[in-house]
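Chains as they are written, first to last, in my numbering: chain A, 1 to 193; chain B, 1 to 193.
We treat Cβ as the ideally placed atom computed from N, Cα and C, and that holds for glycine.
Just so we're clear, the structure is a prediction, and the values are computed from it rather than from any experiment.
As structure tokens, the structure follows; a few thoughts come after it.
Number of protein chains: 2
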Amino acid sequence: MEKFERIINSVSRYINITGEEAAYFTSLLSTKLVRRRQFILQEGEVFTSSCFVNNGCLRSYTIDKNGVEHILQFAPPGWWIGDFYSIITGKPAVLFIDAIDESEVVLLPKENRELLFEKVPKFERFFRILVENSMAGNQQRILDKLSLTAEERFEKFCLKYPALVACLPQKYIASYIGVTPEFFSKMRSKMSK
Amino acid sequence: MEKFERIINSVSRYINITGEEAAYFTSLLSTKLVRRRQFILQEGEVFTSSCFVNNGCLRSYTIDKNGVEHILQFAPPGWWIGDFYSIITGKPAVLFIDAIDESEVVLLPKENRELLFEKVPKFERFFRILVENSMAGNQQRILDKLSLTAEERFEKFCLKYPALVACLPQKYIASYIGVTPEFFSKMRSKMSK
DNA sequence: CGTCTATTTGAATGTACTCAAAAGCGGTGG
DNA sequence: CCACCGCTTTTGAGTACATTCAAATAGACG
Chain A
1 MEKFERIINS
11 VSRYINITGE
21 EAAYFTSLLS
31 TKLVRRRQFI
41 LQEGEVFTSS
51 CFVNNGCLRS
61 YTIDKNGVEH
71 ILQFAPPGWW
81 IGDFYSIITG
91 KPAVLFIDAI
101 DESEVVLLPK
111 ENRELLFEKV
121 PKFERFFRIL
131 VENSMAGNQQ
141 RILDKLSLTA
151 EERFEKFCLK
161 YPALVACLPQ
171 KYIASYIGVT
181 PEFFSKMRSK
191 MSK
Chain B
1 MEKFERIINS
11 VSRYINITGE
21 EAAYFTSLLS
31 TKLVRRRQFI
41 LQEGEVFTSS
51 CFVNNGCLRS
61 YTIDKNGVEH
71 ILQFAPPGWW
81 IGDFYSIITG
91 KPAVLFIDAI
101 DESEVVLLPK
111 ENRELLFEKV
121 PKFERFFRIL
131 VENSMAGNQQ
141 RILDKLSLTA
151 EERFEKFCLK
161 YPALVACLPQ
171 KYIASYIGVT
181 PEFFSKMRSK
191 MSK
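Structure below.
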């Protein structure tokens, strides 16, 4: 299947799967088009699917008691996005997830992921490695927020996600690094001198 | 083995293992006594072992360019601690890990963990679940740092780790929630009114 | 072209930090 | 047993980084 080529390639970078296993895997998947600003998840819904981005770009975030958005993650093509809390507990999600650009995503529902683990146990390995890598990144992000200034966090962001810096509205970057859009704007003009 | 009882129990909460598998697992482990303030890892060393706490308490942290410590994690009994970056990449660690109290830890070196995955694949499942749970917690911590005030973060910390609040020096809690010890002290006295 | 949203700019404010000094607390040795 | 030492916590004054609110400007899209 054309539309599952990317996810198969992504999986194959960590584990070897036969054509048969790949066929079984893709039988558990579905694709979905998500329009700009369209939600695939709103806080309070149960959302237990893991979501792989074929193209476009999504983001996950919360909205605090003052109505301010705080972005947890961007998901450009080839990345996974979801709500771990909801996937693990089966309870309502704490996050919103929507599309920044028109996107195509691949969905792997929790029940199917569990079937996959039963039938093809090496997928346990794939998801273990995937989440261990994410974990290393998230731990670094916590430390960065604790120890770096806003300018330094922005510089790191630019190095880590050069493609995103070019295409994201800067209020999203401000939210991700943890400052207000106004302060971010002032900071940028100061940095360019 | 007495000293591996706790880790076996911990693993058994997520996967069923036979006596034989447990025996193989424990053959890959070693224990170590860590005295108060003693390091099991200093930044720049390669440290690829996963570390399970039998008793006592450890912490992982970085030291920034001004010499200030920033605590990433506390590891009371039953918790795992390590440096994901070093485990995954094999490169020098970015963290320090030392004992807050006299502790006994169980060490699982990376090579042994990989042997374990080969021989008893369901351990892939155990570690996947373990790290998915950690991931959910870490994502929440990022969002808390982005959206909550220092007071709110402290209140959450008290709810989540009541046992730690009672026994940790408060400068460690300050570091974990991301404020200076001086500010933390003032905040506490303000909150108690 | 007009509307809607994003970005910039400025002034006032607040949260948290730095530096300095004092007070508290626990362990150790005389 | 108490005096001293080192480390943690408290307190205060001054400061800095980042926020809020408001308004102006710039861009994007139908």
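Return the chain-ordered ranges of every alpha helix (DSSP H) run that is complete within the segment 89 to 169 of chain A and spans a minimum of 4 residues.
Runs found: 110 to 119, 122 to 147, 150 to 160, 162 to 167.
Looking at the structure shown, is Gly56(B) part of a helix, part of a strand, or coil, going by DSSP?
strand
Can you confirm whether the segment 152 to 161 of chain B touches the segment 89 to 105 of chain A when touching is taken to mean that 3 or more C-beta pairs between the two stretches lie within less than 8 Å?
no
Taking the alpha-carbon of Phe74(B) as reference, which of Val68(B), Gly82(B), Gly67(B) has the nearest alpha-carbon?
Gly82(B)
Do Val120(B) and Glu5(B) come within 8 Å of each other at the CB atom, strictly closer than that value?
With respect to Val120(B), Glu5(B) sits apart: the two C-beta atoms are not nearer than 8 Å.
Taking the alpha-carbon of Ile17(B) as reference, which of Phe126(B), Ser185(B), Cys158(B), Tyr85(B) has the nearest alpha-carbon?
Nearest of Phe126(B), Ser185(B), Cys158(B), Tyr85(B) to Ile17(B), Cα basis: Phe126(B).
Members of the segment 138 to 153 of chain B that neighbour chain A once the beta carbon cut-off is set at 9 Å
Listed by position along the chain: Asn138, Gln139, Gln140, Arg141, Ile142, Leu143, Lys145, Leu146, Ser147, Leu148.
Roughly how many angstroms lie between the CA atoms of Tyr24(B) and Glu118(B), to the nearest whole one?
Roughly 12 Å between the two C-alpha positions.
Return the first residue and the last residue of the beta strand (DSSP E) that Ser30(B) is part of.
30 to 34
Residues that Thr62(A) contacts on chain B, provided the C-beta gap is smaller than 7 Å
Leu143, Ser147
Glu43(B) (DSSP reduced to helix, strand or coil)
coil
Range covered by the beta strand (DSSP E) that runs through Glu69(A):
69 to 75
Taking all protein chains shown into account, decide if Met191(A) is buried (16 or more other Cβ within 10 angstroms of its Cβ) or exposed.
exposed
Output yes or no for whether 8 Å exceeds the beta carbon distance between Tyr161(A) and Arg59(A).
no
Under the three-state reduction of DSSP, which class applies to Thr180(B): helix, strand or coil?
Coil at Thr180(B), not helix or strand.
Nearest CA to the CA of Val53(A): which residue from Asn66(A), Thr31(A), Asp64(A)?
Thr31(A)
Just verifying my parser: in three-state terms, what is the DSSP assignment at Ser49(B)?
coil
Sequence-distant residues of its chain with Cβ nearer than 6 Å to Ile7(B) (five each side left out)
Excluding residues within five positions, the ones whose Cβ falls inside 6 Å are Phe52, Val106.
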